[in-house]
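Have a look at the structure below before the remarks.
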Amino acid sequence: MLEVKAAGIRHRFRVLKRPQTGNALAADLHRRMLEREQAEIGRLQQILDLVSLDGCQTNALAAHFGEARQ
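So in this note's numbering, spot 11 of the sequence shown is number 46, and the numbers just go up one at a time.
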């Protein structure tokens, strides 16, 4: 049996664009957080719509992923 183990991994980051000011950085982070929050709320709404559906939930879920059921 062969066992593979990761060792010595380093995550490197580079600064692509420095913010002009601390306020600019804060505003950008705030905007991104609001966008992410809205996206999550949208995903949760899709789940609520699915579980409260009067029709066949299986067909609705399959259709969401591009599959057609009979």
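Every residue gets a Cβ at the ideal spot worked out from N, C-alpha and C, and that includes glycine. Keep in mind that this is a model prediction, so the values were computed, not measured.
Next item on the list: Go ahead and pull the three-state DSSP assignment for residue 88.
Entry: coil
Checklist line | Pairwise C-alpha distance: residue 100 and residue 74 | finding: 18 Å
Item checked: Where residue 98 falls: helix, strand or coil (DSSP) -> helix
Notebook entry, point to check: Does the distance from the CB of residue 86 to the CB of residue 80 come in under 9 Å?
Noted result: no
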